Amino acid sequence: MPNTASTPWLHRWFRPLLGAIALLGLGLTGYLSWIKLTGQTLLCPSSGEGCQAVLNSPYATVFGVPLSVLGMAAYGVVAIATIVSQLVPALKSWTDPPLLWLTLGMATVSTYLMGVLIWDLHLFCPYCLASAIFSATLLILVLFGRTWDDLGQLISTTVIVVLITLVATLGIFAQQTPPVVASDGRMAIPTLKSRPKPKSGWEIITQSGPAEMALAEHLSRQGFKMYGAYWCPHCSEQKLLLGKQAFAKINYVECGKDGKNAQPEQCQAAGIQSFPTWELDGELYSGIQSPEALATLSDYEGNTTFKYFMPGL
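Per my numbering, numbering of the sequence shown is gapless, rising by one per residue and ending at 541.
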């Protein structure tokens, strides 16, 4: 029987701690996944600018799969492996090396994404920071929660896993830029990678064509309203689909409390729960609407040679 009195406390408690933190990470990423998949508004301090902008940035998906879903799967595997090895001690020697590889990968990806937040997006996201802390803590527990027989092999494994993860991560996110032109000649709207400007959000850099102008005028005559928030990336993408000149004709209601010409009370009265939302005669249409979808909703029968599209919409 091992002498528990001489066993370091971290060795005795590392599996319960590992399982608890993995479950916390599972809950966090599960919540973010639900928000991403349902289009609900993320609970966040202040205006929610950083949280929502990050969740809807190009870095929040990998080949169309929300990154939070992949994180949820990783935390789930750590939790299951930890619980199983705790219940069946004979499996500890089998589960520990994979746990090391997985937590190394998680910590490496989290470090890369924190760098993106700081140097590329220039945003603060408490959920992202919490997940990064969880990932780093899991790795520390796995590294120091047990005695590794071969220190040289541990170091070489660490270097190899980190390098492979970095190369794979850089390669994956390098493929995230959407195609510039579709087969029918339409252009993809540009990807949002900068921080929204205070009170006004991202600049509308797309230029409207005759079809967008005619559609916007029709929507205005029909009484359509668009509810949005300046810090909401999806709202900016909706504006980019219409173009600068056409959007100027849209009846737009700013719901961000500190936004330019904000009318949050009107948004509350209309029952707006997510952005963007279009409204006509009390009927709400949530989410980004393509020009084609807006044409259908409004019974528009004019020019439909729209200039822009959004990949995946």
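Note that beta-carbon positions come from the ideal geometry of N, C-alpha and C, so glycine has one too. Everything numeric in this text was worked out from a predicted model, so none of it was measured.
Give the straight-line distance between the Cα atoms of P407 and Q280, rounded to the nearest whole angstrom. Residue 407 sits at position 179 when you count from the first residue of the sequence shown. Residue 280 sits at position 52 when you count from the first residue of the sequence shown. Caution applies to P407, whose pLDDT of 47 falls short of 50 and renders its modelled position unreliable; the value that the coordinates give is listed next. A straight-line Cα-Cα distance of about 24 Å links P407 and Q280.
Touching by the beta-carbon criterion (3+ pairs, under 8 Å), the stretch 367 to 377 and the stretch 239 to 246: They touch, by the three-pair rule.
Expected contact under 8 Å - CB spacing of E465 and M415 to nearest Å: Counting from 1 along the sequence shown, the entry for residue 465 is found at position 237. Counting from 1 along the sequence shown, the entry for residue 415 is found at position 187. With a Cβ gap of about 13 Å, E465 and M415 do not count as contacting.
Rank L327, D527 and A288 by C-alpha distance to the C-alpha of V389 and give the top, closest one. Taking the first residue of the sequence shown as position 1, residue 389 is located at position 161. It is L327 whose Cα lies nearest to the Cα of V389.
Cα-Cα, which of F401, Y536, G292 and Q450 is closest to T434? On the sequence shown, position 206 is the one that residue 434 refers to. The shortest Cα separation from T434 among F401, Y536, G292 and Q450 belongs to Y536.
Extract the residue ranges of the beta strand (DSSP E) inside the stretch 458 to 493, only unbroken runs of 3 or more that lie entirely within it. Inside the stretch 458 to 493, DSSP marks whole beta strand (DSSP E) runs of 3 or more residues at positions 479 to 482, from first to last along the chain.
Which residues DSSP lists as bridging T505, in chain order: In the sequence shown, the residue the question calls residue 505 occupies position 277. Y455 and S514, per the DSSP bridge assignment.
For K264, does the three-state DSSP call read helix, strand or coil? To locate residue 264, count along the sequence shown from 1; it is residue 36. Note: K264 maps to helix in three-state DSSP.
To the nearest angstrom, how far is it from the Cα of G258 to the Cα of L345? As a first step, residue 258 is located in the sequence shown; it is residue number 30 there, counting from the start. As a first step, residue 345 is located in the sequence shown; it is residue number 117 there, counting from the start. Computed Cα separation, rounded: 21 Å.
V316 versus T323: straight-line alpha-carbon distance, rounded: Locating residue 316 in the sequence shown gives position 88, where the first residue counts as 1. Locating residue 323 in the sequence shown gives position 95, where the first residue counts as 1. In this model, V316 and T323 are separated by some 11 Å (Cα to Cα).
Is K425 helix, strand or coil by DSSP? Indexing the sequence shown from 1 puts residue 425 at position 197. Strand, per DSSP.
Distance, A498 Cα to S363 Cα: If you number the sequence shown from 1, residue 363 lands on position 135. If you number the sequence shown from 1, residue 498 lands on position 270. Pairing S363 with A498, the inter-Cα distance amounts to about 41 Å.
Whose C-beta lies closer than 7 Å to the C-beta of S526 among residues of the same chain, with five residues either side of it excluded? By 1-based counting over the sequence shown, the position of residue 526 is 298. Contacts found: H446, L447, Q450 and F452.
Going by the DSSP bridge assignment, what does A416 pair with across the sheet? Walking along the sequence shown from the start, residue 416 turns up at place 188. Partner(s): F537.
Beta-carbon within less than 7 Å of W241's beta-carbon, same chain only, minus the 5 sequence neighbours each way: which residues are those? Here residue 241 refers to the residue found at position 13 of the sequence shown. Within the same chain, W241 has no close Cβ partners at all.
Between the Cα of G267 and those of S321, E529, F534 and Y513, spot the shortest distance and give me the residue it belongs to. Counting from one through the sequence shown, the residue named residue 267 turns up at place 39. Of the candidates S321, E529, F534 and Y513, the one whose C-alpha sits nearest the C-alpha of G267 is Y513.
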